[in-house]
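In the UniProt record's numbering, the protein residues as written are 1 to 568. Where a beta carbon is used, it is the ideal one built from N, C-alpha and C, also for glycine. Treat the numbers as computed from the prediction; the structure is a model and nothing was measured.
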Amino acid sequence: MSFDGVFTHAMVTELHKKLLNGRISKIHQPYQNELILTIRANGTNYPVLFSADPTYPRVQITKIPYVNPAVPTNFAMMMRKYLQGAIVTDIQQMANDRVVHFTITTRNELGDAEQLVLIIEIMARHSNVILVNQQSHKILDVIKHVGADQNRYRLLLPGATYIEPPQQDKLDPFVQNTAYVQLVKDFPNQEVLAKQLQQRYQGLGRDSSLQLAADLHQSGDAATHYQAFLDQFDQPTGTLITLPNHKTMFAAGNYAYFGQPTRQFDSLSALLDFYYQDAAQRERVQQQAGNLIRVVKNDLKKNRNKLKKLQQTLANTKQADELRLKGEILTTYLHEVKRGMTEIELPDYYHDNRPLKIQLSNQLSPSRNAQKYFSRYQKQKNAVIYVGEQIELTQAEIDYLDNIQTQIELAAPADIAEIREELTQQGYLKQHKTKKKQRSSRKVSQPQKFVASDGTEISVGKNNRQNDQLTLKTARKSDYWLHTQKIPGSHVIIHSDDPSEQTLTEAANLAAYFSKARDSATVPVDYVQVRRIRKPNGAKPGLVIYEGQKTLYVSPDAALVEKLTPNK
1 MSFDGVFTHA MVTELHKKLL NGRISKIHQP YQNELILTIR ANGTNYPVLF
51 SADPTYPRVQ ITKIPYVNPA VPTNFAMMMR KYLQGAIVTD IQQMANDRVV
101 HFTITTRNEL GDAEQLVLII EIMARHSNVI LVNQQSHKIL DVIKHVGADQ
151 NRYRLLLPGA TYIEPPQQDK LDPFVQNTAY VQLVKDFPNQ EVLAKQLQQR
201 YQGLGRDSSL QLAADLHQSG DAATHYQAFL DQFDQPTGTL ITLPNHKTMF
251 AAGNYAYFGQ PTRQFDSLSA LLDFYYQDAA QRERVQQQAG NLIRVVKNDL
301 KKNRNKLKKL QQTLANTKQA DELRLKGEIL TTYLHEVKRG MTEIELPDYY
351 HDNRPLKIQL SNQLSPSRNA QKYFSRYQKQ KNAVIYVGEQ IELTQAEIDY
401 LDNIQTQIEL AAPADIAEIR EELTQQGYLK QHKTKKKQRS SRKVSQPQKF
451 VASDGTEISV GKNNRQNDQL TLKTARKSDY WLHTQKIPGS HVIIHSDDPS
501 EQTLTEAANL AAYFSKARDS ATVPVDYVQV RRIRKPNGAK PGLVIYEGQK
551 TLYVSPDAAL VEKLTPNK
């Protein structure tokens with residue numbers, strides 16, 4: 001189900017019950033297009049997410065942790081100026097559209113009561129979060145500025161007059177009407193009826209119109225089915241549905257047209273946290289790590305091209321022995337070589353005296369021609385040693401960058417700062433002097449903790465700093481270490497000297513899940529005691545070598561990972 005008008009209706013119903021008359025205690029803008037207000041209501045703190053993300057716009061209560069920037073944005077500072085300590089007095093949806101108004105009572109600089117409206121418009125790439133003075137309709141600030149060059153109809157800038165999104169000539173399905181009765185008669189085809197419902201009624205996405213059309217085509221009174229469809233959004237149930245193609249969709253109630261419910265949640269917000277967690281996290285990481293992704297991608301491309309050239313050079317140097325052989329044969333039969341010859345055919349005594357044609361320079365003496373072959377032989381022999389070393393170094397560089405790329409792909413936004421710091425220390429990024437104090441004061445992140453079915457603790461490093469700390473300093477020598485075999489991924493430690501087979505399998509699943517092979521069917525995972533792990537001198541962060549390992553083959557399972565996560 002999309003975040004359409006009827007889902008917005010259901011979400012507003014949920015937020016109204018929980019947040020009304022709550023006080024705004026904290027205000028943060030952790031990501032470019034997202035604002036989080038912590039609202040204390042009924043003795044509980046609710047972090048409310050206002051997301052104007054072009055791909056995943058929404059409003060909800062969220063429990064997903066976030067990391068604030070070291071310096072608040074200008075928008076965050078403006079929100080704190082106007083909303084800190086204010087009271088949420090009303091939450092309303094506008095005519096079943098994807099526009100929600102939070103009416104907020106605060107006090108101005110003179111101490112007089114003032115009404116503000118925090119508006120979230122959930123409209124794909126046009127989504128926005130806007131703070132407006134209710135009396136003057138002036139925009140105080142907006143998370144995404146939209147000038148006249150972008151939209152002539154609506155100017156979304158501080159100081160401009162707020163104009164509502166263009167109204168559509170559609171009916172509000174929650175307002176008494178009987179238009180659907182005639183539509184059912186005129187359009188017996190279910191899909192055609194769905195399109196007509198979507199065109200006639202405000203806020204019906206494609207999913208909702210198909211479900212409503214299916215309900216109206218059931219036997220019995222159409223009015224009863226229509227009302228039952230709408231009533232579920234006044235008492236919504238967060239539902240996850242598995243589709244025939246094995247993908248999932250979220251809904252606020254019974255959407256049996258698409259499939260059977262596979263899981264229900266205590267709230268719509270909990271449903272969205274679950275549904276969007278991975279996708280939204282990837283989006284946030286893409287925003288925060290854009291330059292890291294670009295640097296790593298470019299360096300990987302450069303090193304892979306370099307490796308190809310080195311391998312080609314190595315292939316070319318394989319004729320070194322042939323050069324030596326020709327030099328020796330020329331020296332043996334030097335008396336037969338005459339100055340001015342461009343080639344000669346001599347018996348190859350290394351291969352049953354078969355005739356061997358040897359190219360000569362007519363500008364050189366016979367002995368100089370032989371010496372030239374020995375010189376070329378020595379040069380290529382030296383090149384083999386050099387090229388071999390360069391291939392080894394370049395492959396190590398590729399392995400390291402490939403591992404970093406995987407860490408960025410699997411990272412939470414909180415992990416990006418440490419990956420950025422590592423790339424700076426390794427010389428891939430320029431160091432900004434102004435950020436030294438910020439790095440020194442930042443708290444070092446910790447490996448993620450999991451608990452096996454039998455209660456054994458398992459730790460998973462999410463970046464190279466965590467991997468090195470976990471494997472080389474935190475883990476005991478008797479603990480067990482796991483890692484995907486020859487595949488970039490996390491270091492996993494089982495904090496036990498005698499783990500059960502089930503715990504080993506569960507830890508191997510974690511290693512496979514937090515690796516580049518997350519989407520593979522079968523993944524080889526090596527395991528060995530920590531005492532058999534060592535780090536070579538001068539090795540890059542996260543790199544270790546080991547011996548005496550055994551291997552398990554597992555299929556990464558997101559449901560198992562969730563089950564092993566504490567407090568789930």
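Residue i - containing alpha helix (DSSP H), residue span
i: Y31; result: Premise fails: Y31 lies in the beta strand (DSSP E), R23 to Y31, not in any alpha helix (DSSP H).
i: L240; result: Element bounds for L240: not the alpha helix (DSSP H) but the beta strand (DSSP E), G238 to T242.
i: residue 570; result: Here the chain comprises residues numbered 1 to 568, so residue 570 is not present and cannot be evaluated.
i: L323; result: A320 to T332
i: I419; result: I416 to Q425
i: residue 573; result: An answer regarding residue 573 cannot be provided, because it is not within the stretch 1 to 568 covered by the chain.
i: V384; result: P366 to L410
i: K81; result: N74 to L83
i: V296; result: G290 to N316
i: P206; result: Note that residue 206 is Arg in the sequence shown, not Pro. Note, R206: alpha helix (DSSP H), R206 to L216.
i: F229; result: A222 to D231
Among the options, nearest to residue i - alpha-carbon criterion
i: D348; options: T342, E322 and L360; result: E322
i: I91; options: T105, H126 and R80; result: T105
i: L37; options: Y56, K63 and K17; result: K63
i: K430; options: R534, N291 and A256; result: N291
i: R534; options: Y546, S361, Q190 and G542; result: Y546
i: residue 571; options: S490, R354 and V146; result: This structure cannot speak to residue 571, because the chain is shown only from 1 to 568.
i: K486; options: E34, P30 and T551; result: T551
i: Q371; options: Y276, A517 and T331; result: T331
i: T224; options: D454, Q529, Y180 and T161; result: Y180
i: N567; options: R476, L543, L470 and A452; result: A452
i: Q134; options: A113, V146, I122 and K144; result: A113
i: R354; options: Q380, E345 and R465; result: E345
i: Q319; options: A383, L504 and S127; result: A383
i: P236; options: A222, L472, S51 and V12; result: V12
i: residue 569; options: L271, A160, K338 and P166; result: With the chain running from 1 to 568 in the structure shown, residue 569 is simply not present.
i: V132; options: L157, L334 and Q277; result: L157
i: G340; options: Q359, K81, I24 and Y56; result: Q359
Residues bridged to residue i [DSSP beta-bridge criterion]
i: D526; result: H483 and T551
i: R58; result: S51
i: Y546; result: I533
i: I41; result: Reading off the sequence, residue 41 comes out as Ala, not Ile. A41 is bridged to T44.
i: P261; result: I241
i: P355; result: P347
i: Y201; result: L171
i: I130; result: I119 and V142
i: V337; result: Beta-bridge pairing links V337 to no other residue.
i: I493; result: S459 and W481
i: S515; result: G489
i: E34; result: Y31 and S51
i: Q448; result: V460
Environment of residue i [buried if 16+ CB atoms lie within 10 Å]
i: K436; result: Because K436 sits at a pLDDT of 47, beneath the cut-off of 50, its placement in the model cannot be relied upon, and the following sentence gives the value as read from the coordinates. That one is exposed.
i: I119; result: buried
i: A148; result: exposed
i: P499; result: buried
i: G427; result: exposed
i: E288; result: One point to set straight first is that residue 288 is Gln, not Glu, in the sequence displayed. That one is buried.
i: L243; result: exposed
i: N189; result: exposed
i: Y480; result: buried
i: D169; result: exposed
i: T8; result: buried
i: E14; result: buried
i: K516; result: buried
i: residue 625; result: Only positions 1 to 568 of the chain appear in the structure, and residue 625 is not among them; the question remains open.
i: L216; result: buried
i: D53; result: buried
i: V192; result: exposed
Host beta strand (DSSP E) of residue i (start-end)
i: F250; result: T248 to A251
i: G455; result: Where G455 is concerned, there is no enclosing beta strand (DSSP E), given that its DSSP letter is neither H nor E.
i: D348; result: E343 to D348
i: E114; result: A113 to E121
i: F102; result: V99 to R107
i: T89; result: I87 to Q93
Practice task
Indicate whether the contact test is met: 3 or more Cβ pairs, each with one atom in the region 508-518 and one in the region 561-568, closer than 8 Å.
Solution key: Taking 8 Å as the limit for Cβ pairs, the verdict is that the region 561-568 does touch the region 508-518.
Practice task
Evaluate the contact criterion for the region 371-387 versus the region 259-267: three or more CB pairs, one atom per stretch, below 8 Å.
Solution key: Remark: fewer than three beta-carbon pairs, one from each stretch, lie closer than 8 Å, so the region 371-387 and the region 259-267 are not flagged as touching.
Handout entry: Inter-stretch contact (C-beta, 8 Å, three-pair minimum) for the region 105-115 and the region 76-89
Key = With a cut-off of 8 Å on Cβ pairs, the region 105-115 is in contact with the region 76-89, counting three or more such pairs.
Handout entry: Three or more C-beta pairs below 8 Å linking the region 197-212 and the region 167-183
Key = The answer is yes - the region 167-183 touches the region 197-212, with three or more Cβ pairs under 8 Å.
Problem - Segment contact, 8 Å Cβ cut-off, at least three pairs: the region 380-388 with the region 298-316 - result: Contact holds: three or more Cβ-Cβ distances are below 8 Å.
Exercise for the section: Could you say if the region 31-45 and the region 15-22 meet the contact criterion of at least three C-beta pairs nearer than 8 Å? Expected result: Yes: at least three Cβ pairs fall under 8 Å.
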